[in-house]
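Residue numbers (this note's numbering), protein chains in the order written: chain A, 48 to 422; chain B, 48 to 422. No residue lacks a Cβ here, since even glycine has one placed at the ideal position from N, Cα and C. A quick note: this is a predicted structure, and the numbers were derived from the prediction, not measured.
Protein chains: 2
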Amino acid sequence: MENKKFKFKVIHEDKNSDARLGEIITPHGKINTPVFCPVGTRATVKAMTPEELRDIGVQIILGNTYHLYLRPGIDVIERAGGLHKFMHWKEPILTDSGGYQVFSLNQTFKIVKDGVEFKSIIDGSKHFFSPQKVIELQKRMGSDIMMMLDEPVSPDSDYGYTKLAMIRTLDWARMSINSVGDYPGALFGIIQGGMYDDLRKECSQRMLELNFDGYSIGGLSIGEPRELTFELTEKTVNEIPKEKTRYFMGLGDPEGIIKAVSMGVDIFDCVLATRIARNGVAITYEGKLNIKNFRYKIDFNPLMHDCNCYCCKNYSRAYIRHLYISNEILASRLLTTHNLHFMVNLMGEIRKKIKEGKLSEIKKKFDGYVWKKNI
Amino acid sequence: MENKKFKFKVIHEDKNSDARLGEIITPHGKINTPVFCPVGTRATVKAMTPEELRDIGVQIILGNTYHLYLRPGIDVIERAGGLHKFMHWKEPILTDSGGYQVFSLNQTFKIVKDGVEFKSIIDGSKHFFSPQKVIELQKRMGSDIMMMLDEPVSPDSDYGYTKLAMIRTLDWARMSINSVGDYPGALFGIIQGGMYDDLRKECSQRMLELNFDGYSIGGLSIGEPRELTFELTEKTVNEIPKEKTRYFMGLGDPEGIIKAVSMGVDIFDCVLATRIARNGVAITYEGKLNIKNFRYKIDFNPLMHDCNCYCCKNYSRAYIRHLYISNEILASRLLTTHNLHFMVNLMGEIRKKIKEGKLSEIKKKFDGYVWKKNI
Numbered sequence: 048m049e050n051k052k053f054k055f056k057v058i059h060e061d062k063n064s065d066a067r068l069g070e071i072i073t074p075h076g077k078i079n080t081p082v083f084c085p086v087g088t089r090a091t092v093k094a095m096t097p098e099e100l101r102d103i104g105v106q107i108i109l110g111n112t113y114h115l116y117l118r119p120g121i122d123v124i125e126r127a128g129g130l131h132k133f134m135h136w137k138e139p140i141l142t143d144s145g146g147y148q149v150f151s152l153n154q155t156f157k158i159v160k161d162g163v164e165f166k167s168i169i170d171g172s173k174h175f176f177s178p179q180k181v182i183e184l185q186k187r188m189g190s191d192i193m194m195m196l197d198e199p200v201s202p203d204s205d206y207g208y209t210k211l212a213m214i215r216t217l218d219w220a221r222m223s224i225n226s227v228g229d230y231p232g233a234l235f236g237i238i239q240g241g242m243y244d245d246l247r248k249e250c251s252q253r254m255l256e257l258n259f260d261g262y263s264i265g266g267l268s269i270g271e272p273r274e275l276t277f278e279l280t281e282k283t284v285n286e287i288p289k290e291k292t293r294y295f296m297g298l299g300d301p302e303g304i305i306k307a308v309s310m311g312v313d314i315f316d317c318v319l320a321t322r323i324a325r326n327g328v329a330i331t332y333e334g335k336l337n338i339k340n341f342r343y344k345i346d347f348n349p350l351m352h353d354c355n356c357y358c359c360k361n362y363s364r365a366y367i368r369h370l371y372i373s374n375e376i377l378a379s380r381l382l383t384t385h386n387l388h389f390m391v392n393l394m395g396e397i398r399k400k401i402k403e404g405k406l407s408e409i410k411k412k413f414d415g416y417v418w419k420k421n422i
Numbered sequence: 048m049e050n051k052k053f054k055f056k057v058i059h060e061d062k063n064s065d066a067r068l069g070e071i072i073t074p075h076g077k078i079n080t081p082v083f084c085p086v087g088t089r090a091t092v093k094a095m096t097p098e099e100l101r102d103i104g105v106q107i108i109l110g111n112t113y114h115l116y117l118r119p120g121i122d123v124i125e126r127a128g129g130l131h132k133f134m135h136w137k138e139p140i141l142t143d144s145g146g147y148q149v150f151s152l153n154q155t156f157k158i159v160k161d162g163v164e165f166k167s168i169i170d171g172s173k174h175f176f177s178p179q180k181v182i183e184l185q186k187r188m189g190s191d192i193m194m195m196l197d198e199p200v201s202p203d204s205d206y207g208y209t210k211l212a213m214i215r216t217l218d219w220a221r222m223s224i225n226s227v228g229d230y231p232g233a234l235f236g237i238i239q240g241g242m243y244d245d246l247r248k249e250c251s252q253r254m255l256e257l258n259f260d261g262y263s264i265g266g267l268s269i270g271e272p273r274e275l276t277f278e279l280t281e282k283t284v285n286e287i288p289k290e291k292t293r294y295f296m297g298l299g300d301p302e303g304i305i306k307a308v309s310m311g312v313d314i315f316d317c318v319l320a321t322r323i324a325r326n327g328v329a330i331t332y333e334g335k336l337n338i339k340n341f342r343y344k345i346d347f348n349p350l351m352h353d354c355n356c357y358c359c360k361n362y363s364r365a366y367i368r369h370l371y372i373s374n375e376i377l378a379s380r381l382l383t384t385h386n387l388h389f390m391v392n393l394m395g396e397i398r399k400k401i402k403e404g405k406l407s408e409i410k411k412k413f414d415g416y417v418w419k420k421n422i
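Structure below.
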């Protein structure tokens, strides 16, 4: 434990909400929170170079243990000197446990004693993940913030099964924490309990007893009604002491992030911004701009006015539409650049407003903001 | 003609070969020759930004009139303020006439009086190109170096048809040159005549009478034996006066370029470097490196040793192989970066060696260089 380089401290608390500014120290540098963490599934944030991410202001990226374990294999990454060196990213990396992919991508997983068997989505080969093993894999990659193996359940799971999965997750939590050793990076516990208040509360309390470096809010924003998402988020956050980092896994829409920030969440990740970019959709303050729309054929405006991103400073909607329709790689690059810039810039604005005690202003900016609105 | 901004001058002649160093002035700046011109078919050099091309040292790119005419349409490009503004490239642009695509991509072209009818490869719609029209299209895009409409023939065309096509090309040449007006960019004549010495000679002489700004060597490197390519190249080049720019259309392999340079050719373009990059192939001094090869799975060397490109300075073969196999966009970006850097760097080396009177050294470097060799 003496080797631990992970530290978190709250540096400012909002008077008008539960939002806070924080600072995370990791083996690969400092992160200012609240922060948005782009997803780099296969050792690359799709379409982007590390330099471009840094220019945009990205502070931390996420790597997917499941995908990297299957391809290129953790041995390749380890021999490269770790994930940072392999992919030429020098800043912090958060890795998930692989559990979510095992349970969601595979029709054929099987929970066995102390772990889960599954088949590769690539070639159907058989594999086994245990709580200890996924920690080992993440350590070998040199992760700055590791996740424990958990069993997520679907939002319509009944009370009995949800409880069973929660208990198993708690068992796995104990095994995980015992596997960390003197590793310098952090390990986060994941709070499950599905849609049930009392189970989430119980899970939170028992996770807290294990004293993880931080806590992830799991099993939310996976298809349940949005009001319930934030009702349960607020309750879960309130269980986690202020001195612990709070991470909402998989939440990535601007309105949702602002809500969760005001409840005291520090870290967010989501594929949304990068995935919709590759499908020709730009995030703007007016809604989602679908570049395929015919109306943009001779529109020489940037994707979004008053945007300082590389894409908006240099290219028009007409040009990006042309690239997209012509299947040009540059379309994905430019749209991803804009969307990530939007998210990173939003987080910067959020941090600024928290400091000024004016978070409500940014909330107002998104009042009536219909995320699903297409322009 | 007073408005003409195109100028070419030979600034150094090699004592040991017919190679020369030249300087081209265009409305969008200066080009040092011999030069390699990457292909930006659809208003983008695939996978690259203009800034990246500049960083590599690219001096001029090529745009395809046929593709841009069909999509997004010349009206869109014109309303954007021309091709340079549309695609955010500030340096010179060479455009082809579209003729090659009409004759090679369409099974259904029809030569009619003073032009050619063809169907769109996108939607089958009917279109018509005349010598005047393709000049008009190139002028509207703001091309720095335009090409005339010509009729290329396949290398196995008989004498009669080849002569017919040559005569038609000469007729079109006259119509083309009369369409230039006071446009500041250049117009190049294209020398055809297939595989027949006397026809190529006749074509050259009659093209020269029209006094084009420069001359393209057409109808070569399209499938004929390689020895014949260079035999005819030499003869054609020798017909073109020294004070005129010479452009070998579609030649892009390093060995071939060095040969043609030593015969006095100034400009080259080819999709090869960028296309094979997207197919996972890197150009190296040892041959073509196929990144899909299993041997590169745990190879942490750069694509090519002693290469200063962004890709080789920061990434390993193992990582690029992983990206390529995972279908990641970054694979195309990195391989394209390396291959274009290789080509641009090769041209820089060639210019340096011409200046030093040591072009043979670079020729020697490629002696026994088997382009088709896979490593």
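Residues of its chain near residue i, where Cβ-Cβ distance is below 6 Å and the 5 sequence neighbours each way are ignored
i: Phe389/A; result: Ile330
i: His135/A; result: Pro97
i: Ser379/A; result: Ala94 and Arg325
i: Gln106/A; result: Ile78 and Val82
i: Lys420/A; result: Gly334
i: Gly357/B; result: Note on identity: in this sequence residue 357/B is Tyr, with Gly being the wrong assignment. Within the same chain, Tyr357/B has close Cβ partners Thr384.
i: Gln148/A; result: Tyr113
i: Val163/A; result: Val149, Phe156 and Phe176
i: Val250/B; result: It should be pointed out that residue 250/B corresponds to Cys in this sequence rather than to Val. Closer than 6 Å at the Cβ level, and outside the excluded window around Cys250/B, lie Met213, Ile238, Gln239 and Gly240.
Assigned exposure category for residue i - 16 Cβ within 10 Å defines buried
i: Pro288/A; result: exposed
i: Phe295/B; result: buried
i: Asn258/B; result: exposed
i: Tyr208/A; result: exposed
i: Phe341/B; result: exposed
i: Asp170/A; result: exposed
i: His352/B; result: exposed
i: Asn355/B; result: exposed
i: Val92/B; result: buried
i: Glu256/B; result: exposed
i: Tyr1/B; result: Only positions 48 to 422 of chain B appear in this structure, which leaves residue 1/B out of reach.
i: Gly146/A; result: buried
i: Lys137/A; result: exposed
Whole-number beta carbon distance between residue j and residue i, since they are thought to touch under 8 Å
i: His75/A; j: His114/A; result: With 8 Å as the limit, His75/A and His114/A do not qualify as a contact, their Cβ atoms being about 21 Å apart.
i: Ala66/B; j: Ile401/B; result: 5 Å
i: Ala127/B; j: Phe347/A; result: 6 Å
i: Thr112/B; j: Leu184/B; result: 6 Å
i: Pro231/B; j: Lys52/B; result: 4 Å
i: Ile140/A; j: Ile108/A; result: 6 Å
i: Leu350/A; j: Ile376/A; result: Not quite, the Cβ-Cβ distance comes to about 17 Å (not below 8 Å), so this is no contact.
i: Met188/B; j: Ile121/B; result: 6 Å
Residue i beta carbon near the ligand NAD (any heavy atom closer than 8 Å)
i: Lys289/A; result: As for the ligand NAD, it is missing from this structure, which has no ligand bound.
Contacting residues, own chain, Cβ-Cβ under 7 Å from residue i (five flanking each side not counted)
i: Ser167/A; result: Leu117 and His174
i: Leu298/A; result: Ser268, Ile304, Ala307, Phe315 and Cys317
i: Phe133/A; result: Ala90, Ile124 and Ala127
i: Ile72/A; result: Lys52, Phe53 and Lys54
Own chain residues within Cβ distance below 8 Å of residue i, not counting five before or after
i: Tyr371/A; result: Gly327, Ile338, Lys339, Ala378 and Leu382
i: Lys56/B; result: Gly69, Glu70 and Glu290
i: Lys412/B; result: Tyr332
Practice item. Quick one: which residues of the region 338-361 of chain B get their C-beta closer than 7 Å to a C-beta of chain A? List them in chain order. Key: Lys344, Ile345, Phe347 and Asn361
**Study point:** Against chain A: residues of the region 362-392 of chain B by CB proximity under 8 Å
**Key:** Tyr362, Ser363, Ala365, Tyr366, Arg368, His369, Leu370, Ile372, Ser373, Glu375, Ile376, Leu377, Ser379 and Arg380
Exercise for review: Taking only beta carbons into account, state which residues of the region 130-145 of chain A come closer than 8 Å to chain B, listed in chain order.
Suggested key: Phe133, Met134 and His135
Check your understanding: Of all the residues that make up the region 170-189 of chain A, which are near chain B by a beta-carbon distance shorter than 7 Å?
Key -> none
Practice item. Please determine if the region 191-204 of chain A and the region 176-183 of chain A are in contact, where contact requires at least 3 C-beta pairs separated by less than 8 Å. Key: yes
Check your understanding: Do the region 233-253 of chain B and the region 212-220 of chain B meet, that is, are 3 or more Cβ pairs less than 8 Å apart?
Key -> yes
Exercise for review: Please list the residues of the region 281-314 of chain B that have a C-beta atom closer than 8 Å to any C-beta atom in chain A, keeping them in chain order.
Suggested key: none
Practice item. With 7 Å as the C-beta to C-beta threshold (strictly closer), list the residues of the region 104-128 of chain A near chain B in chain order. Key: Arg118, Pro119, Val123, Arg126 and Ala127
Check your understanding: If contact means a Cβ-Cβ distance below 8 Å, which residues of the region 67-93 of chain B contact chain A?
Key -> Arg89, Ala90, Thr91 and Lys93
Practice item. Using a Cβ-Cβ cut-off of less than 8 Å, list which residues of the region 196-211 of chain B approach chain A; keep chain order. Key: none
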